[in-house]
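Per this note's numbering, residue 4 is the first one in the sequence shown, and the count goes up by one each step.
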Amino acid sequence: MKSSTWYFLVWCIGFSLITTGLSQLQVVGQKEPIIALLGDDVILPCFLRPSTSAVDQTVEWQRRDLTPKEVHYYSDGRDNPDVHNPVYKGRTRLFEEELKSGNMSLKLTGVKHTDNGFFTCFVPKLVSTVKTSVIQLIVGAVSQPVISVVGPKDYGVVLKCDSGGWFPKPEMTWVDSDGNILPDGSTETETDSEGRYTVRGHVTVQKTDMFTCRVQQQKINHKMETEINVPGGVFPWSRGQKAGLIIGVLALLAVAVLVGLFIWRKQKEAEAELKRRNAEQERRNAEQEGRKAELGKWTVLSGVT
4 MKSSTWYFLV WCIGFSLITT GLSQLQVVGQ KEPIIALLGD DVILPCFLRP
54 STSAVDQTVE WQRRDLTPKE VHYYSDGRDN PDVHNPVYKG RTRLFEEELK
104 SGNMSLKLTG VKHTDNGFFT CFVPKLVSTV KTSVIQLIVG AVSQPVISVV
154 GPKDYGVVLK CDSGGWFPKP EMTWVDSDGN ILPDGSTETE TDSEGRYTVR
204 GHVTVQKTDM FTCRVQQQKI NHKMETEINV PGGVFPWSRG QKAGLIIGVL
254 ALLAVAVLVG LFIWRKQKEA EAELKRRNAE QERRNAEQEG RKAELGKWTV
304 LSGVT
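In structure tokens form, the structure reads like this:
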């Protein structure tokens, strides 16, 4: 009787230890979101802890906002792609060689904008109170900003910056060569049919400098920049410059008038001098002719005598 009691006690203790160990098993993943850019390959982490083989488990990766919800389905030692959501067929795989160490992470290739969301790693047959792990995937998309000069406005120049295909929604800022953010920029945002954002901004600058259009998305920690050098020749003239030009033109006109008057006066003086000399010459010629006439008369009278 004592032997039976002893065996029963050992069995109870062993069963208790086994069930306690199993109840400590947990599905663990990652609390922080996985961030990727459009087209990247990503790994969604999921493990059994303490490390235990998952080869004989059923492992389901799900998107519970989709129908069907199965992203990847593993059971009876093999994948079952027939139950996968068509969006994910051929794009997912487990690291089967690492299942024996409890690694149930999922590799997702060529991420798309539609992959944004929450993925659930679910081990339904696990003897545990923690059978699931949920991880968020954020898929970002970026593009290089394009800057153009719109034209003059008041006494400055308007610059325009466009950048499309972003996700999530980005922010745009303008920065000068000293790193100062320009305060008076205006920005507008629109979305396309796929939910991607185009951001467009304008800013008026008042001086020649190197300006930067910066588009960034804090959530995916990504930014793109484009620079433009605005030369002084594209700026419209200020009031002071216009006044200086008017004064300069008037001064030139005044100088031209004075020079013209001087030249006109000199020409008149030269014409008067020429007339005086011609008159003097004519007078001398007349006197000379008179003397010749007198001399002729005396010659005639002398011959008669």
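The beta carbon of each residue, even a glycine, is placed where N, CA and C say it ideally should be.
Reference residue i, options the options, closest by Cα
{"i": "valine 206", "options": "Thr215, Arg199, Gly198", "result": "Thr215"}
{"i": "asparagine 88", "options": "Ile138, Leu69, Lys103", "result": "Leu69"}
{"i": "glutamine 60", "options": "Lys300, Pro71, Ser104", "result": "Ser104"}
{"i": "asparagine 119", "options": "Ala257, Gly198, Arg203", "result": "Gly198"}
{"i": "proline 148", "options": "Lys226, Val260, Glu285", "result": "Lys226"}
{"i": "threonine 201", "options": "Glu100, Met175, Leu185", "result": "Met175"}
{"i": "isoleucine 184", "options": "Asn232, Val160, Arg217, Lys269", "result": "Arg217"}
{"i": "arginine 52", "options": "Val126, Ala259, Lys295", "result": "Val126"}
{"i": "glycine 80", "options": "Glu283, Arg203, Glu99, Gly93", "result": "Glu99"}
{"i": "lysine 163", "options": "Thr190, Leu140, Ile138", "result": "Thr190"}
{"i": "valine 31", "options": "Arg96, Arg67, Arg94, Ser136", "result": "Ser136"}
{"i": "valine 160", "options": "Glu297, Val260, Val233", "result": "Val233"}
{"i": "serine 196", "options": "Gly42, Val252, Tyr76, Thr117", "result": "Thr117"}
Nearest-angstrom beta carbon gap, residue j and residue i [assumed within contact, 8 Å]
{"i": "serine 166", "j": "serine 146", "result": "5 Å"}
{"i": "leucine 102", "j": "alanine 57", "result": "5 Å"}
{"i": "lysine 115", "j": "valine 142", "result": "7 Å"}
Rounded C-alpha distance that separates residue i from residue j
{"i": "arginine 287", "j": "isoleucine 250", "result": "55 Å"}
{"i": "phenylalanine 170", "j": "methionine 213", "result": "28 Å"}
{"i": "lysine 72", "j": "tyrosine 91", "result": "10 Å"}
{"i": "serine 78", "j": "proline 173", "result": "42 Å"}
{"i": "tryptophan 14", "j": "serine 54", "result": "Model confidence at tryptophan 14 stands at a pLDDT of 45, short of 50, so the residue's coordinates are unreliable; what they give is reported in the following sentence. Using only the alpha carbons, I get a separation of about 25 Å."}
{"i": "serine 151", "j": "leucine 40", "result": "27 Å"}
{"i": "aspartate 157", "j": "glutamate 230", "result": "23 Å"}
{"i": "alanine 275", "j": "isoleucine 266", "result": "14 Å"}
{"i": "valine 258", "j": "proline 186", "result": "47 Å"}
{"i": "tryptophan 64", "j": "threonine 123", "result": "6 Å"}
{"i": "alanine 86", "j": "isoleucine 38", "result": "Here the sequence assigns valine to residue 86, which means alanine is not the residue at that position. Their backbone Cα atoms lie some 27 Å apart in a straight line."}
{"i": "lysine 271", "j": "alanine 296", "result": "37 Å"}
{"i": "leucine 255", "j": "proline 155", "result": "29 Å"}
{"i": "alanine 289", "j": "arginine 279", "result": "15 Å"}
{"i": "glycine 311", "j": "isoleucine 138", "result": "Since the displayed the chain opens at 4 and closes at 308, residue 311 lies outside it and no answer follows."}
{"i": "phenylalanine 121", "j": "glutamate 228", "result": "31 Å"}
{"i": "arginine 268", "j": "glutamine 284", "result": "24 Å"}
{"i": "threonine 95", "j": "glycine 204", "result": "40 Å"}
{"i": "alanine 313", "j": "valine 262", "result": "No answer is possible for residue 313: it lies beyond the span of the chain, which begins at 4 and ends at 308."}
{"i": "glutamate 193", "j": "leucine 140", "result": "23 Å"}
{"i": "aspartate 82", "j": "valine 153", "result": "58 Å"}
{"i": "proline 36", "j": "arginine 66", "result": "15 Å"}
{"i": "glycine 188", "j": "glycine 168", "result": "21 Å"}
{"i": "leucine 277", "j": "leucine 298", "result": "31 Å"}
{"i": "lysine 34", "j": "phenylalanine 50", "result": "13 Å"}
{"i": "glutamate 292", "j": "lysine 300", "result": "13 Å"}
{"i": "glycine 24", "j": "alanine 144", "result": "With a pLDDT of 46 at glycine 24, under the threshold of 50, the modelled position of that residue is not reliable, and no figure is offered here."}
{"i": "valine 252", "j": "leucine 264", "result": "18 Å"}
{"i": "tyrosine 76", "j": "glycine 42", "result": "23 Å"}
{"i": "arginine 294", "j": "valine 260", "result": "51 Å"}
{"i": "valine 62", "j": "leucine 97", "result": "9 Å"}
Sheet register partners of residue i (DSSP bridge)
{"i": "histidine 205", "result": "Lys163, Ser189"}
{"i": "glutamine 29", "result": "Arg52, Val133"}
{"i": "methionine 175", "result": "Val218"}
{"i": "glycine 113", "result": "BP columns for glycine 113 are empty, so no partner."}
{"i": "serine 146", "result": "Note: serine 146 sits in no beta bridge, so no partner."}
{"i": "valine 152", "result": "Leu162"}
{"i": "methionine 213", "result": "Asn232"}
{"i": "asparagine 106", "result": "Phe50"}
{"i": "arginine 81", "result": "Ser78"}
{"i": "threonine 70", "result": "Bridge partners of threonine 70: none, in fact."}
{"i": "glutamate 276", "result": "In DSSP, glutamate 276 forms no bridge with anything."}
{"i": "histidine 225", "result": "Gln220"}
{"i": "glutamate 63", "result": "Tyr76, Phe125"}
{"i": "valine 45", "result": "Leu111"}
{"i": "tryptophan 169", "result": "Tyr200"}
- request: Answer yes if the stretch 41-55 comes into contact with the stretch 103-119, meaning at least three C-beta pairs across the two stretches below 8 Å, and no otherwise.
  value: yes
field: Inter-stretch contact (C-beta, 8 Å, three-pair minimum) for the stretch 173-182 and the stretch 122-138
entry: no
- prompt: Counting Cβ pairs, one atom from each stretch, are 3 or more of them under 8 Å apart for the stretch 222-229 and the stretch 196-211?
  reply: no
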